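Engineer: Chains as they are written, first to last, in the working numbering: chain A, 1 to 425; chain B, 1001 to 1425.
Let me give you the structure first, and then I'll get to my questions.
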C-alpha cells in the first residue's frame, strides 16, 4: 500500500519502525561502498591470462610492437572492436588506457585547433555549451566544467534524451557545440536509446556547424540478459543525413579486461579521425602497441569478446538481481521509491521522493554505506528535484551488496516517512 | 691537409674523385635509415622478460593494479626513478607510455588553466615564446608550433645553451614563458649542461612570473662511457634560488625497456605537481599501473636500471665508435666537417661547411641513405647556417651503420669540394 495513502497515525507508526530499524543498522557499524562503477576482483580475474601475455611482439603486418610508432593503433585490435563499436576499423583509433582521456583530448583539440566545420577554435568563442541528458555521468560534467563549458540539463525519457528539447536547443543556440550521450545501458538509468532517438540526433538541424555528439558507448557489450540491446548506427546515420562529421564515438576495454590497463578507442568520420590524428601526432609517437597485442592474443576476435562478457554477466547479474529483489521486498508498493532494472551496464538508478536524495545518502553514510553523492548525476552537482541516487553494485561481493541495499532501503523508508509526515502536518 | 688550403687543380681533383665515389655509391642501390633515435631489435630483446610480466597484480601498498585509480602512479616505480631523475618520489608522477605526451599536456594545461604563478592562462596572452637551444629536438619545436608558440633560437655552447643570451631574453621579455632543455647527452649534439649552466638557469631573474624550464631528461641513464655524466640537480637549485616552481622535469623508460610500451614521468615542485594532478584528474581515472608493476618487477631497483643500461651500451657503443672511426678516416683533417663524440645519448651531431647540409642530406637520399631532414634541429626547420646534420646510429645493425656512414662521408666530400670550388672561382 502506498505510504502516501496512510493516515497520520499509520505514517507515524511506519516512521517509528523505520527509525528503530535505522538505529539497529547504525549499531551494526557497516563499512560498505556502492559509489563507483568498478569491476570486482573476481571480474578482473577473468582476464588473468593477460598478465603473462603477449607471447610474441610482432603485429600481423610485421610491426615490432615494442618500438615507437603506429599512431592509429594496431589494425587487428581496431578490426576486433570496429564492429562492436559500429565504426569501420579504418576510422577507429586504438589509443591508451582511458576513453575519458580521448574525450578530454577531443575537447582540448577543439578548443585549441579548429575542428572540421568550425568557423573558429572553441577557445575563441564567447561561450560554449554542452547538453547533458540527466541523470548522467559526473565525469562528463566535470570535464566540461574544467574548461568553462556551460552545462545544460536535458531530461531523459525511456528512449534516451527528450529529443524535442534537444532539437530545439541545438537549432536555436549556435553556442551549443556538443551533447553527452551514453547510448546503451546508460549511466545511471540503464536506458538505451531507441532507433528513433538516434535517427533524430543524426538528422536534426544544428545552428553550430561544428556541433558534436560525444557518444560514450562505454557499455556496448555489457549485457545482463539473453537479448542484447542493439542500438542504431549513429556514425552511418550521421553520414546518411548529411552530417558526416557530427559523431565522436568512444569506447574501451576498461570494463572488459582491466580497468586500469585496457585499451581505449575513438571512432568518427574520416575527416575527424584525420583531424585528431594530426593533433595527436604532435603529442605522442604512438600508443602502447604491446598492450594492444596482448589484448588481441587474449580476446582473439569479436566472438571472443562476447564470450568473455558472458562470464562477466555470470558474476554481476546476481548482484543486480539482489538489488531488485531487496528493493522490491523492502520498498515495493510503498511509493517511496522507484528504480531501474537495467538490461546491461553498471548502474541502477534509484528515484526517491522529491527532496529526499541528499538526506538518504547522508543517512546511509552515517550507517557506513557509501553512495555516490546525491546530485552527482546532474550538472554542477545539482539535482533540482533532489531525488536521484546512483547505485553501483558490481564492486562489492554479493553478500555486501545485499547488506548495503537492505540498509539503503531502511534509509529510504526513514527519510521518506519523515518527508510524508512533514507534508501531512 | 685542410681542403680549404688546396689550390684549384688539387681541389678539382678531389671533387672529381668524390664524384666518382658518389656515382659508385649510387650504383650500389643502398637502402639505409639513420633518421630516428629508435632502439634496435636487439636492444628491445634485452627487455623480453617484460612480455611475460607481471607475475602478480598487487602493488606494495595492496592496490589491485588491474583496477581504476592511483592517479600519481605506483609509489614503487616513483621510488625507483626518483633518484635517477633527481626528483623526490613524492613529487614525481608516473604516467602513460610517452613523456612527449606529458610535455604536450603541461603546455595544454598552462594554456587552458593558470599554471602556479601565472597572472592569466597562456591562451589569454597576446603572445607566448619559448627559447630553443639549437641544435635541438624537432618534436619539441613542433609541439610549440602546433599551439602558435613562437620559437626563439639560442645557440648551444659546450656547456649548454649560451646563458648570456638566455638570461637577457628571459629578463627582457615577459612573453618568454619557457625554454626547452635536454640537459644530458643532448639531442643531437651530445652536450651535457655544466653545473654553472644549471645554476644560472635556476637562479636567473625572469620577467614572466610563470616562466618554466622544460627539462627533458630523456637520456638520464643512457651512458656510453665508464664515467657517467652527472648533471646538477635543477629542481633543488630552483628551490634554493627562490624559484621553486620553475622546473618541469620529464623522463621515461622509452629507451630503457620498450619505446612503445614504457612508463613516462613528470617531476616538479609540490605546487606544480598538485596543479598537474588536478587537471589530469579530469581527464583520466589513472595510468596503466599494470605496466608500471611490470617495470618494477623487471628492473627491480635503481641498480637494476643501471645494470640494464650497461647492456644497452654494449650494443650501441660499437655503432657510435664506428661512426667516429669512419668519419675520422674519410673526413679527418679535411676541414669539410666536424662531429660530436658523445659520452651518452642517441645522437651524433655532424657539422658540414656552411650552406651544405641540405645538399648533403639530399645527395645521401639519392644514394639510398635516409637522414633526418637538414634544418629539423632548428625552429621552423630553418638552420640559418645550413650546416647541422643529425646522425642516429642506434636502430640499424652495425654493418648497416658502417655502410651508411661511409656513404654519408662521400656525400660530405662531394658537396664540400663543390662548395669550395664555387668559392674559389
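Idealized CB from N, CA, C, for every residue including glycine.
Predicted model, so just to flag it, every value in this text is computed and none were measured.
Along the beta strand (DSSP E) that carries residue 1190 of chain B, what are the first and last residues, could you check?
Structural biologist: First-last for residue 1190 of chain B: undefined, no H or E at that position.
Engineer: Would you report the Cα separation of residue 1085 of chain B and residue 1263 of chain B, rounded to the nearest angstrom?
Structural biologist: 13 Å
Engineer: Listed from N- to C-terminal order along the chain, which residues in the stretch 1118-1150 of chain B have their beta-carbon within a distance smaller than 7 Å of any beta-carbon of chain A?
Structural biologist: 1123, 1142, 1143, 1146 and 1147
Engineer: Looking at C-beta atoms only, is the number of pairs between the stretch 112-129 of chain A and the stretch 175-182 of chain A that lie closer than 8 Å three or more?
Structural biologist: yes
Engineer: Kindly indicate which three-state DSSP category residue 265 of chain A falls into: helix, strand or coil?
Structural biologist: strand
Engineer: Residues in the stretch 210-234 of chain A with C-beta within 8 Å of chain B's C-beta atoms, listed in sequence order?
Structural biologist: none
Engineer: With DSSP run on the structure shown, which of helix, strand or coil describes residue 1013 of chain B?
Structural biologist: Correct three-state label for residue 1013 of chain B: helix.
Engineer: For a cutoff of 8 Å on Cβ pairs, would you count residue 1265 of chain B as touching chain A?
Structural biologist: no
Engineer: Quick one: what's residue 33 of chain A bridged to in DSSP?
Structural biologist: A/370
Engineer: Please say whether residue 357 of chain A and residue 386 of chain A have beta carbons closer to each other than 8 Å?
Structural biologist: yes
Engineer: Could you list the residues in the stretch 1246-1276 of chain B with a C-beta less than 7 Å from some C-beta on chain A, going in chain order?
Structural biologist: 1258, 1259, 1260 and 1261
Engineer: Determine whether the Cβ of residue 52 of chain A lies closer than 8 Å to any Cβ atom of chain B.
Structural biologist: yes
Engineer: Under three-state DSSP, which class holds residue 1065 of chain B?
Structural biologist: coil
Engineer: Taking the beta strand (DSSP E) that residue 150 of chain A falls in, what are its first and last residues?
Structural biologist: For residue 150 of chain A, the uninterrupted beta strand (DSSP E) segment begins and ends at 150-157.
Engineer: Here's a check: name, in chain order, each residue in its chain whose Cβ is nearer than 7 Å to the Cβ of residue 449 of chain A, leaving out the five neighbours to either side.
Structural biologist: Outside the displayed span of chain A (1 to 425) sits residue 449 of chain A, for which this structure offers no information.
Engineer: Measure the C-alpha to C-alpha separation of residue 1213 of chain B and residue 113 of chain A and round it to an integer number of angstroms.
Structural biologist: 25 Å
Engineer: What residue does the alpha helix (DSSP H) around residue 413 of chain A start on, and which one ends it?
Structural biologist: That run of the alpha helix (DSSP H) goes 398-424.
Engineer: Grouping DSSP H, G and I as helix and E and B as strand, with all else coil, what is residue 377 of chain A?
Structural biologist: coil
Engineer: For residue 56 of chain A, which option in B/1059, B/1049, B/1062 and B/1055 has the closest C-alpha, if you only look at C-alpha atoms?
Structural biologist: Of the listed residues, the one whose Cα sits closest to residue 56 of chain A is B/1049.
Engineer: Between residue 1134 of chain B and residue 1154 of chain B, what straight-line distance do the alpha-carbon atoms span, to the nearest angstrom?
Structural biologist: 6 Å
Engineer: Which same chain residues end up closer than 7 Å to residue 64 of chain A when comparing Cβ atoms and leaving out the 5 residues on each side of it in sequence?
Structural biologist: 57 and 58
Engineer: Suppose you measure from the CA of residue 1082 of chain B to the CA of residue 1301 of chain B; what does that come to, to the nearest Å?
Structural biologist: 11 Å
Engineer: Would residue 1326 of chain B count as contacting chain A if we go by Cβ distances under 8 Å?
Structural biologist: no
Engineer: Run the CB neighbour count on residue 1292 of chain B, radius 10 Å, all protein chains shown included, and call it buried at 16 or more, exposed below.
Structural biologist: buried
Engineer: Which stretch, first to last residue, makes up the alpha helix (DSSP H) that contains residue 1101 of chain B?
Structural biologist: 1099-1112 is the extent of the alpha helix (DSSP H) around residue 1101 of chain B.
Engineer: How about residue 379 of chain A: is its C-beta nearer than 8 Å to some C-beta of chain B?
Structural biologist: no
Engineer: Any Cβ of chain B within less than 8 Å of the Cβ of residue 58 of chain A?
Structural biologist: no
Engineer: Alpha carbon to alpha carbon, what distance is there between residue 78 of chain A and residue 348 of chain A?
Structural biologist: Distance between the alpha carbons of residue 348 of chain A and residue 78 of chain A is about 31 Å.
Engineer: Do residue 1388 of chain B and residue 1039 of chain B have their C-beta atoms closer together than 8 Å?
Structural biologist: no
Engineer: Using the C-alpha atoms, what's the distance from residue 1233 of chain B back to residue 29 of chain A?
Structural biologist: 50 Å
Engineer: Can you find the residues in the same chain that come closer than 6 Å, C-beta to C-beta, to residue 1342 of chain B, ignoring five residues on each side of it along the sequence?
Structural biologist: 1185 and 1190
Engineer: Measure the CB-CB distance between residue 426 of chain A and residue 1304 of chain B and report whether it falls below 8 Å.
Structural biologist: Since the first and last residues shown for chain A are 1 and 425, residue 426 of chain A lies out of range.
Engineer: Tell me whether the stretch 397-414 of chain A and the stretch 319-335 of chain A touch, counting them as touching only if at least three CB pairs, one residue from each stretch, are closer than 8 Å.
Structural biologist: yes
Engineer: Within the continuous alpha helix (DSSP H) that includes residue 328 of chain A, where are the two ends?
Structural biologist: 302-331
Engineer: Using the Cβ count rule (16 or more neighbours within 10 Å means buried), how would you classify residue 1400 of chain B?
Structural biologist: buried
Engineer: According to DSSP, is residue 347 of chain A part of a helix, a strand, or is it coil?
Structural biologist: coil
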